[in-house]
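As they're listed, the protein sequences go chains A and B.
Heads up, the first sequence is in the numbering used here, so the first residue is 1 and it goes up one at a time.
Heads up, the second sequence is in the numbering used here, so the first residue is 1001 and it goes up one at a time.
Notes follow the structure.
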Amino acid sequence: MVHVKLFGLLRLDTGLKEMDADVSSVKELYPILLSEAKRVKPTTQVTAADIDGCIIMINGKQGKKNSRLVDGDQVQLMSPVCGG
Amino acid sequence: MATKYGGYMDRVVLVDLTEHTVENYPWTDEDREKYIGGKIMAAKVLNDHLSGQEKAFSEENWVVVSTGPMTGTGAPSSGRFDLSCISPQTGILTSSNCGGSFGYHLKKAGIDALILKGKCPGHTWIEIDNGEFFFHDADEDGLWGLKSTEGQEKLESLLVKKWGTHRAFGQLIIGPGGENLVVYSAVLSGERAAGRTGVGAVFGWKNLKAISVTGNHTIPVFDPEKNEKWNQKWFSYLRKHPLTGNQLPRLGTAGLVSSMQMRGMLSTKNYSAGQYDRFESVNGETLAEEHNIVNKGCLTCPIKCARTVDVNGRTVKGPELETLVLLGGGICNDNLENILRWNNELDELGLDTISCANTIAWAMEANEKGIWNSGLSFGKTEGLSKLFEDIAYRRGIGNELAEGSRRLSQKYGGTEFAIQSKGLELAAYEPRRAVGQGLGYAVSNRGGCHLNAGYLVILEGLGLYTDPLTYKAKGDFTMMFQDLMEMISATGQCLFTSYAFFPGFLITRPNGIITRIANWAIPHIGWAVRFMNRFPLTLALHLPVFPQTKGIQYAVGMKMTFGRYLRYGERGYTMDRWVSTRFGIRAKDDALPKRLTEEPQDPNDPRTKVPLEKMKKTYYRARGWDRDGVPTERTLKRLGIL
C-alpha cells in the first residue's frame, strides 16, 4: 500500500487531500485517483492529462510516471506552480 | 511645454515639508525618454541629490513617491507606485513598491511624482486636491497615534466632512511602528503596503502621518484606440494563462508553500532547514479551503492574488506567502489562525511582516544558544501579539527588536545566523536549494529582497526545474531578470504580469519533453543570455509572451522593443547601485550569513550551500562592474549615467 498526498490545484479540483492505494507504479495510480475524485467531487473536471502534468515526488525525491512503487512509499502529487 | 507622450501628467512636485511649500521640479521629455518613471525616475532624482553623506533620519533624505507612465492607463495590473529614499534599515538607496490605487489617484490629481524634502515642524498630514496642497495638523485632527485601519477611516471622515460628500481618493498612512521609528516600518495604502526597507520610519521621522490625494484630471493615452484593443488582448492573455488566470487567483502567492517544501527551499526554524514537517497546516491549500472568503485585486488587475479572511469577526487581508512561511515554519508555528491574526496585527501596527518575523526568529535562536536572553523560543507562540505591540511602541525587548537582526547580531553576536543582506532580512526562499536566488539576495540593490534579487527560484524549482545547485549561468540570468523586473516596476505595473512570459505548456507540462529540454539547457546558455544582456538593442523585436513593449508604444508613444525594455532596466538597476556605492557599498556588502554559504543544508551533500563568490564574479562581469562591485566608467557612460 502506498500513501498519496495531493497538493496545489489538483487538490482543490479533486477535493482529495490524501488516499491510500495498492499500486506498483505511479501510472497505475491515475485511474484510481480519478475514480476516487469522481466519488468525492462528482463535478470534478480533472483528467489523466492533468495528473500527468503534476510534479511527482516519491519519498521526497523527484519521480516519474513510470517510477516503480513499493509498499510504504509516500507519493506527493502537485500541480505545477510558479511565482510569489 | 506639455509632454508629447501619453501616460504622463507632466508635473513632478517638490514638497518642502519644513516650510509647507510646494514647487514644480524640472522634469522634461528628455528625462522621460531616459528614465521612464517610477523607481528609475526616482533613482535619477536621488542620484542628482545625494552625496553619500546623508542619513535616513535627516532632512536631506528626500522621499520620492513616483508613478509609472502605465499607471492608470487601463493596462493590466497597472496600479502600482514606488517610494524611494535612503532606508533606515540598510542605510542605502531603497525603493519600496506598493499596489492599490494611490498611484492612480495621484495622476488623477495631475501629478506624476512627489518629492518630499525636509521635516514637518509638527505632526502633519497632507491633503492633495487636484494638484493643490493643504498641510493639516495630525494631532489636532486626531490622526497621530492611530493604527492603520482606524487612521484611514479617520482620514476618510475628515475628507468627507470637508467635501460634504464622498469622493474617490487614495491615501498613504503609517502606523505606530513608523511613528516610533521602528526600522522596518511600512507605509500602508488601503490594505496594501510598501512593506520593505522601513520607509514608514522615514515618514515618521519627518512627522508625516498620511497623504490623501484626489482629482479629476484625465490621464492621457497616446493612441487610445490601439491602447484599448491591446489591453483587451492583454487581459484575455493573462486570464487564459495557467499561472495568472488559474493558479494565482485560486491559491494566491500562498500556493507556493507546498512546492517550496518539496524543493527543500521552505525556510524553516530561522533558515536552519528547508523543510517544515507540519507545513500542511500552514500552506496555501489549507488557507484556500478553510479560510479564504473572496479574492481581491488591485486596480485594473485581472489576477486578483490577494486573499481575504475573517479575523475577530472582521473581513481583512489574508497573509501572503512570505508571511505564511516566516511566521509559520520560520518560527516553528503550525497554527494558521495565529498567522491570520498576526498578519492583521502587523499591518495595523505598520510593520513589515518579513523583517519582523526574521528578527524574532533570530532572537529565538539567540536565546536558545544562550547569546541573548530574549525569553523567546521556537514553537512558543504565546505572547507574540503583545511582542508586536512592544516592538511598535518600543517597549522592553521590543525596543531592541525594533532595530532588526543585523544590529542585534552586531551587538550580541550571532551574525552567522542573522538572515539578512545589507541589513534587510531575506524573504521566505531558503537559497541553499536555489543558489541563483542566493546570488540575487546578496547582490540585490536593496538588500535581501526576493524580487530585487531577480527571482531565480522561478527557474530553480517553482516554475521550471533547472539544476538549482549549479552556479552555471545564474549570474547572467540574474542580471536579465533583475533588469526586466526593474523596468516593469518603473512603468507602474505589477511583476505578476511577467509570469505569463513563460508559455503555458512549459508550466502545465513539467514532465514534457520540451520542458525537460529547457530545464537541461538553461545552465548551458549563459553565453547567449550574456550576449543579450550586453547588446540588448540587437533584440529589436516584440515577444508575443511579453505584451509590455507594445503596451508602452500604444499608451505612452515611446518606441519600445524587448531590447530597449531591458536597457531601461539595466540603466535603472545600475544607477541604484551607483548611488549606493557613494554610501560605501562594495563587493564585501554583497554577502549572505555564513549559515547559507558555509553550512550545507544537507550535511551529506556539500553542494547544498550557496557558492556565492564564484557566482558574484560572473555577475559583476555580466553587469560591467569591477571586481569590487562598482560600475565601471565605461559601463556608466554606455548607459548614459555619466
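For every residue, glycine included, the Cβ atom is placed at its ideal position computed from N, Cα and C.
Taking only beta-carbon positions, decide if residue i is within less than 7 Å of chain A.
i, result
"G1255 (chain B)", "yes"
"M1265 (chain B)", "no"
"I1507 (chain B)", "yes"
"M1262 (chain B)", "yes"
"T1323 (chain B)", "no"
"S1077 (chain B)", "no"
"M1001 (chain B)", "With a pLDDT of 49 at M1001 (chain B), under the threshold of 50, the predicted position of this residue should be treated as unreliable, though the coordinate-derived value follows. Chain A contact via Cβ: absent."
"Q1601 (chain B)", "no"
"P1302 (chain B)", "no"
"S1377 (chain B)", "no"
"E1132 (chain B)", "no"
"S1258 (chain B)", "yes"
"E1290 (chain B)", "no"
"Q1247 (chain B)", "yes"
"P1547 (chain B)", "no"
"P1510 (chain B)", "yes"
Let me see if you follow: with CB-CB separation under 7 Å, is residue i close to chain B or not?
i, result
"G53 (chain A)", "yes"
"V81 (chain A)", "yes"
"R11 (chain A)", "yes"
"M78 (chain A)", "yes"
"M19 (chain A)", "no"
"M1 (chain A)", "no"
For the beta strand (DSSP E) containing residue i, name the first residue and the last one.
i, result
"C1085 (chain B)", "F1081 to I1086"
"K1117 (chain B)", "A1113 to K1117"
"V1022 (chain B)", "T1021 to N1024"
"W1372 (chain B)", "It is not in any beta strand (DSSP E) - W1372 (chain B) carries neither H nor E in the DSSP assignment."
"H1136 (chain B)", "E1132 to D1137"
"V1309 (chain B)", "T1308 to V1311"
"R1314 (chain B)", "R1314 to K1317"
"R1192 (chain B)", "R1192 to A1194"
Along the chain, where does the alpha helix (DSSP H) that runs through residue i open and close?
i, result
"D13 (chain A)", "L9 to T14"
"N1533 (chain B)", "G1526 to R1534"
"F1477 (chain B)", "K1474 to T1491"
"V1435 (chain B)", "V1435 to V1443"
"Q1232 (chain B)", "P1224 to K1240"
"Q1553 (chain B)", "Q1548 to A1555"
"I1345 (chain B)", "A quick correction: the sequence has Glu, not Ile, at residue 1345 (chain B). L1336 to L1349 is the span of the alpha helix (DSSP H), which, as asked, contains E1345 (chain B)."
"V1294 (chain B)", "Where V1294 (chain B) is concerned, there is no enclosing alpha helix (DSSP H), given that its DSSP letter is neither H nor E."
"Q1152 (chain B)", "S1148 to W1163"
"V1579 (chain B)", "F1562 to T1581"
Are the CB atoms of residue i and residue j nearer to each other than 7 Å?
i, j, result
"A1490 (chain B)", "K1039 (chain B)", "yes"
"L1543 (chain B)", "F1562 (chain B)", "yes"
"Q1152 (chain B)", "I1173 (chain B)", "yes"
"C54 (chain A)", "S79 (chain A)", "yes"
"A1587 (chain B)", "G1624 (chain B)", "no"
"A1442 (chain B)", "L1596 (chain B)", "no"
"A1428 (chain B)", "E1285 (chain B)", "no"
"G1448 (chain B)", "Q1420 (chain B)", "yes"
"K1107 (chain B)", "T1067 (chain B)", "yes"
"G1072 (chain B)", "Y1104 (chain B)", "yes"
"V1529 (chain B)", "D1467 (chain B)", "no"
"L1376 (chain B)", "A1392 (chain B)", "no"
Of all Cβ atoms in chain E, is any one closer than 7 Å to the Cβ of residue i?
i, result
"P1503 (chain B)", "Of the chains in the structure shown, none is chain E; the protein chains are A and B."
Measuring alpha carbon to alpha carbon, tell me which residue in the options is nearest residue i.
i, options, result
"W1125 (chain B)", "B:A1113, B:W1144, B:G1131 and B:I1111", "B:W1144"
"A1402 (chain B)", "B:D1352, B:W1372 and B:R1446", "B:D1352"
"L1642 (chain B)", "B:E1033, B:D1048 and B:H1020", "B:D1048"
"A1032 (chain B)", "B:L1181, B:A1002, B:F1235 and B:E1054", "With the sequence shown as reference, residue 1032 (chain B) is identified as Arg, and Ala is not the correct amino acid for it. Nearest C-alpha to R1032 (chain B): B:A1002."
"N1452 (chain B)", "B:V1529, B:Y1465, B:G1264 and B:Q1437", "B:Q1437"
"F1501 (chain B)", "B:L1349, B:T1549, B:L1327 and B:P1603", "B:T1549"
"T47 (chain A)", "A:M19, A:L9, A:K5 and A:V2", "A:L9"
"L1046 (chain B)", "B:D1576, B:G1640 and B:R1407", "B:D1576"
"A1210 (chain B)", "B:L1566, B:N1283, B:R1239 and B:F1133", "B:F1133"
"P1302 (chain B)", "B:W1520, B:V1015, B:R1638 and B:T1497", "B:T1497"
"L1539 (chain B)", "B:N1295, B:S1258 and B:M1560", "B:M1560"
Taking 6 Å as the cut-off, does the CB of residue i come closer than this to any heavy atom belonging to the ligand FMN?
i, result
"R1394 (chain B)", "Absence of the ligand FMN is noted for the structure shown, with no ligands found whatsoever."
Q.
I want to know whether the stretch 1416-1424 of chain B touches the stretch 1090-1097 of chain B - three or more CB-CB distances under 8 Å.
A. yes
Q.
Does the structure place the stretch 1544-1562 of chain B close enough to the stretch 1217-1236 of chain B that three or more beta carbon pairs sit under 8 Å?
A. yes
Q) Does the stretch 1196-1216 of chain B touch the stretch 55-70 of chain A, meaning 3 or more C-beta pairs lie closer than 8 Å? A) No: the two stretches stay apart, fewer than three of their Cβ pairs being nearer than 8 Å.
Q | Stretch-stretch touch, CB-based, cutoff 8 Å, three pairs: the stretch 1564-1582 of chain B with the stretch 1029-1044 of chain B | A | yes
Q) Are the stretch 1114-1131 of chain B and the stretch 1058-1065 of chain B in contact at 8 Å, needing three or more beta carbon pairs? A) By the C-beta criterion, the stretch 1114-1131 of chain B is judged to be in contact with the stretch 1058-1065 of chain B, since at least 3 inter-stretch pairs fall below 8 Å.
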